[in-house]
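The block underneath contains the structure these notes are about, expressed in structure tokens.
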Amino acid sequence: YADHVIAMKKGAIVAEGAPADVITAETVEDVFGLRCQVTTDPVSRTPLVIPVGRHHTPEPEPEESAKSLG
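The sequence shown begins at 1 in full-length UniProt numbering and counts up by one.
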């Protein structure tokens with residue numbers, strides 16, 4: 001594990017420093033275009049990135065969709 005990290009986007013440094021300072025939800029979204037939550041890993045005590053995407057938005061069951069249309 002690194003003591004110092006550098007986040008870059010298009011060849012430019014976006015952030016650098018200790019992992020806990022650099023690996024934030026804002027930086028991850030800016031650099032990678034990934035919506036996420038960042039928490040502390042309970043075992044390693046290091047930043048843990050949890051992606052948040054469309055799969056977290058429940059879609060209606062096919063039966064429910066048909067009922068609402070009818």
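Here a beta-carbon is modelled for each residue, glycine too, at the ideal position from N, C-alpha and C.
Query, Result
"Beta-carbon separation (whole angstroms), Pro47 vs Ala20, contact threshold 8 Å", "6 Å"
"Distance CB(Ile23)-CB(Val43) smaller than 8 Å", "no"
"Terminal residues of the alpha helix (DSSP H) in which Val52 lies", "Here Val52 belongs to no alpha helix (DSSP H), and DSSP marks it neither H nor E."
"Endpoints, alpha helix (DSSP H) assigned at Ala20", "19-22"
"Beta-carbon spacing of Val49, Val31 below 8 Å", "no"
"Nonlocal neighbours in the same chain, by C-beta distance under 8 Å from Gly17, ignoring five residues either side", "His4, Val5"
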